[in-house]
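The structure appears below as structure tokens.
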Amino acid sequence: MSTPPVFEPGLYYDVTARDDNEACPNSGKQFEVNPCYSNVGTVFAECGLCRQLMTLVSAVLLDPQPEVS
89 MSTPPVFEPG LYYDVTARDD NEACPNSGKQ FEVNPCYSNV GTVFAECGLC
139 RQLMTLVSAV LLDPQPEVS
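So this note's numbering is basically just the index in the sequence shown, starting at one, shifted up by 88.
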């Protein structure tokens, strides 16, 4: 089993997340969340169908970071 990604607070990432809820039609599927904001070093990805938290598979720090207005 791989260790979850470590996030720095206040930065944006390109995240890959997997739905592990066997009762959901999305079970086993992976989704890209880009951009994904790391609020205080914590990132959550939620399935749009079952509303369960997904497993974070990988994350890449966006470079450059998105402009926020």
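Every residue gets a Cβ at the ideal spot worked out from N, C-alpha and C, and that includes glycine.
Assigned secondary structure, residue i (DSSP; H/G/I helix, E/B strand, else coil)
i: C124; result: strand
i: S115; result: coil
i: L141; result: strand
i: A147; result: strand
Same chain, Cβ closer than 6 Å to residue i, five either side skipped, listed in chain order
i: Y100; result: P123, Y125, L150, Q153 and P154
i: Q140; result: N109
i: F119; result: A105
Inter-residue Cα distance where the pair is residue i and residue j
i: N114; j: E96; result: 29 Å
i: T143; j: S157; result: 30 Å
i: C112; j: C138; result: 6 Å
Start-to-end residues for the beta strand (DSSP E) that takes in residue i
i: D102; result: L99 to R106
Contact belief for residue i with residue j at Cβ below 8 Å, rounded distance in angstroms
i: A133; j: V103; result: 6 Å
Close Cβ partners of residue i (< 7 Å) along its chain, the five nearest in sequence each way excluded
i: G129; result: F95, E96 and P97
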